[in-house]
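Colleague:
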Amino acid sequence: MYASNDWMCPTNLIPLTRYIATRFRSFLIALRKSPCIPGWFCAISVLSLRFDGIKRIRSCPSCKPRKRKMAQMWVDSLNGMVGRNDLRLLTLLPWKPYLGRFSRLTGEGRQWCPLCLEEDLQSRTPVYERLIWSMRWVGHCPRHRCRLAERCPECDYQQAGELSPLQSCGFCSRCQGWLGTEHPDPVFDRQTADGDYEVWAAQSLADLVAHPPASTLPRTGNPASRVIDRGIARFFDGNAAAFCEHIGISKTCPTYWRCAGAPNAAVLMAISYCLQISVRDLLTGKDVFSGSCLPPLPPILLRTNLRPVARRRNWNDVRQFLTEVANGTRYYGSLTSAAESIHLSPSQAYARFADLCRQIAEALRETRREVVRTAREQRKDRLDKAIRIEAARMISTGQYPSVDRLITYAKQHGLGADKPADRSCIRHAQLGALAGAPGSGRRRRNNAAPDG
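Counting from 1, position 173 in the sequence shown corresponds to residue 173 in the UniProt record's numbering; the numbering is continuous, with no gaps.
What follows is the structure in structure tokens.
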């Protein structure tokens with residue numbers, strides 16, 4: 001066995017004090033390749049995590065630590081493994097009290113700056129991938145002002161964001177080619193609205209991950225709502241409706257933010273750019289406005305659907321549609337899928353047609369129960385038929401078809417298990433096979449060899 005100091009990872013395995021923080025995935029990859037910790041120990045420690053005590057995590061690719069329970073469990077596990085207490089800085093966990101429930105700032109794919117990777121290689125420092133590269137709305141490097149790459153320069157494979165057993169920091173997960181050889185595109189043109197927004201977004205999010213909040217205590221109130229109110233008073237003369245129309249959101253959003261909510265990620269970025277305030281200052285409640293006038297919203301934000309488009313509905317048609325679903329004329333797997341098929345939310349359907357929605361829910365539950373019953377009966381029939389055939393074969397060879405032997409046969413062929421229901425079915429099929437066999441079952445058992 002390894003002593004505690006024998007497998008302890010050195011604290012300087014990955015630098016955590018640079019301007020742009022390391023990705024948590026890069027630290028995990030470097031930890032797996034470190035000679036200080038066996039790979040199997042790292043895998044067991046991470047893959048043995050439980051989500052809410054119910055679902056066991058079996059696959060690394062499905063685990064994307066961001067800022068919620070999954071990230072906290074990964075951080076707690078690896079902190080104890082390597083003897084550190086600052087790995088939460090490699091995720092968005094420090095900003096969890098300030099971000100809304102649906103504020104997803106990280107993206108799915110893997111992108112990188114070839115110049116940053118080449119600098120790591122030339123300076124002989126550990127090659128690592130920056131946390132800023134995993135952010136949505138970040139398409140260029142805030143340091144070198146060049147576009148981030150997404151495809152391997154050797155095999156042109158578009159890198160995925162999940163973990164891979166062959167993945168290494170700075171190398172392709174397919175051909176293992178070096179990712180720092182590509183010549184990136186030139187800097188963005190800040191004279192265009194889209195270029196100015198992308199440069200601003202990269203710098204603002206880089207500032208966010210580089211300066212996590214010092215306090216880990218839950219925040220009181222919503223600091224962002226106070227900054228938004230002051231921005232509305234400064235740029236819109238206190239007209240919240242004009243502000244919401246300019247951003248493209250519902251007029252009720254400011255009231256919701258004042259109560260307890262928080263803007264989602266897309267709205268947060270739009271507000272931050274509109275008010276010319278960094279995302280970090282907006283979240284922490286510092287009204288440090290850098291501009292004196294409103295900049296025009298770039299087309300990339302205007303193309304973003306910040307809220308659903310209002311639709312004029314014929315509620316009589318909706319009632320007729322829900323009635324057909326309740327009667328079984330139209331079939332949907334759930335009320336949500338039925339409502340979404342006509343671009344309606346379930347809450348809207350319940351608000352106007354509560355009785356119909358309850359009928360649909362009960363009808364769908366009964367349909368699901370019937371499907372389960374049918375599947376159970378079909379499985380029982382297959383098990384009974386297979387056991388009768390196997391029992392007849394055993395009788396023909398002079399072997400007594402005991403229940404234990406038949407259960408073993410069923411388990412080997414994936415027909416059943418050693419459960420009371422399956423055992424009862426197997427016993428019934430055994431008796432039927434013995435009754436249909438020539439001669440007495442008792443005499444055959446007396447003449448047959450014991451089960452042993």
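Idealized CB from N, CA, C, for every residue including glycine. This one's a predicted model, so the numbers in the text were calculated from it and none came from an experiment.
(1) What number of angstroms, rounded off, separates the C-alpha of Ile407 from the C-alpha of Arg427?
(2) Look at Pro153 and Ala206 and say whether their C-beta atoms are less than 7 Å apart.
(3) State yes or no: is the C-beta of Cys155 within less than 7 Å of the C-beta of Cys169?
(4) Hey, quick one: how far does the alpha helix (DSSP H) through Lys286 stretch, first residue to last?
(5) In the DSSP assignment, find the unbroken alpha helix (DSSP H) run with Ala361 in it and report its ends.
(6) Residues in the same chain with beta-carbon distance under 7 Å from Asp429, minus the five sequence neighbours each way, listed in chain order, please.
(7) Looking at the unbroken alpha helix (DSSP H) that takes in Ser337, where does it start and where does it end?
(8) Could you tell me the alpha carbon to alpha carbon distance between Leu78 and Thr91, rounded to whole angstroms?
(9) Between the alpha carbons of Gln276 and Gly261, how many angstroms are there, rounded?
(10) Quick check on the DSSP output: the alpha helix (DSSP H) that includes His246 runs from which residue to which?
(11) Tell me, which residues are paired with Phe236 by DSSP?
(12) Which same chain residues end up closer than 8 Å to Gln412 when comparing Cβ atoms and leaving out the 5 residues on each side of it in sequence?
(13) May I ask you to verify whether the region 230-244 touches the region 313-321, counting CB pairs closer than 8 Å and requiring at least 3?
(14) Could you work out which residue in Tyr273, Tyr256, Leu87 and Val279 is closest to His246 when comparing CA atoms only?
(15) With a 10 Å radius around its C-beta and 16 neighbouring C-beta atoms as the bar for buried, classify Gln158 as buried or exposed.
(16) Taking DSSP's pairing of strands, which residues face Gln158 in a bridge?
(17) Quick check on DSSP: helix, strand or coil for Trp137?
(18) Under 7 Å between the Cβ atoms of Phe353 and Leu322?
(19) Relative to the alpha-carbon of Leu282, which residue among Pro223, Thr336 and Thr181 has its alpha-carbon at the smallest distance?
(20) Just curious, the alpha helix (DSSP H) that Ser272 is in, first and last residue?
(21) Could you name the residues of the same chain whose beta carbon sits closer than 7 Å to that of Gln88, not counting the 5 residues immediately before and after it, in chain order?
(22) What's the gap between the Cα of Leu335 and the Cα of Leu179?
(23) In this structure, what does DSSP give as the bridge partners for Trp112?
(24) Ignore the nearest five residues each way along the sequence and tell me which others in Ala433's own chain have a CB closer than 6 Å to its CB.
(25) Leaving out the 5 sequence neighbours to the left and right, which residues in its chain are closer than 8 Å to Val267 when beta-carbon positions are compared?
(26) Given that a residue counts as buried once 16 or more other Cβ atoms are within 10 Å of its Cβ, and exposed if not, what is Tyr128?
(27) Return the residue from the list Ala375, Ala339, Arg379 and Trp133 that minimises the CA-CA distance to Ala361.
(28) Our contact map puts Glu150 next to Gln111 with C-beta atoms below 8 Å; I'd like the distance itself, whole angstroms only.
(29) Considering just the uninterrupted stretch of the alpha helix (DSSP H) at Thr323, what are its terminal residues?
(30) Which first and last residues belong to the alpha helix (DSSP H) in which Trp257 is found?
Modeller: Walking through what the data contain:
(1) 9 Å
(2) no
(3) no
(4) Run containing Lys286: none; DSSP gives neither H nor E here.
(5) Ala354 to Ser396
(6) Per the sequence presented here, residue 429 reads as Ala, with Asp not at that position. Closer than 7 Å at the Cβ level, and outside the excluded window around Ala429, lie Asp384, Ile387, Arg388 and Ala391.
(7) Leu335 to Ser341
(8) 13 Å
(9) 22 Å
(10) Ala240 to Ile247
(11) Beta-bridge pairing links Phe236 to no other residue.
(12) none
(13) no
(14) Tyr273
(15) exposed
(16) Arg151
(17) coil
(18) yes
(19) Pro223
(20) Ala265 to Leu275
(21) Just to set this straight, residue 88 is Arg in the shown sequence, not Gln. Around Arg88: Val75 and Pro94.
(22) 47 Å
(23) Ala149
(24) Arg388, Ala391 and Ala392
(25) Ile247, Ile249, Cys253 and Leu306
(26) buried
(27) Ala339
(28) 5 Å
(29) Trp315 to Asn327
(30) Cys253 to Cys259
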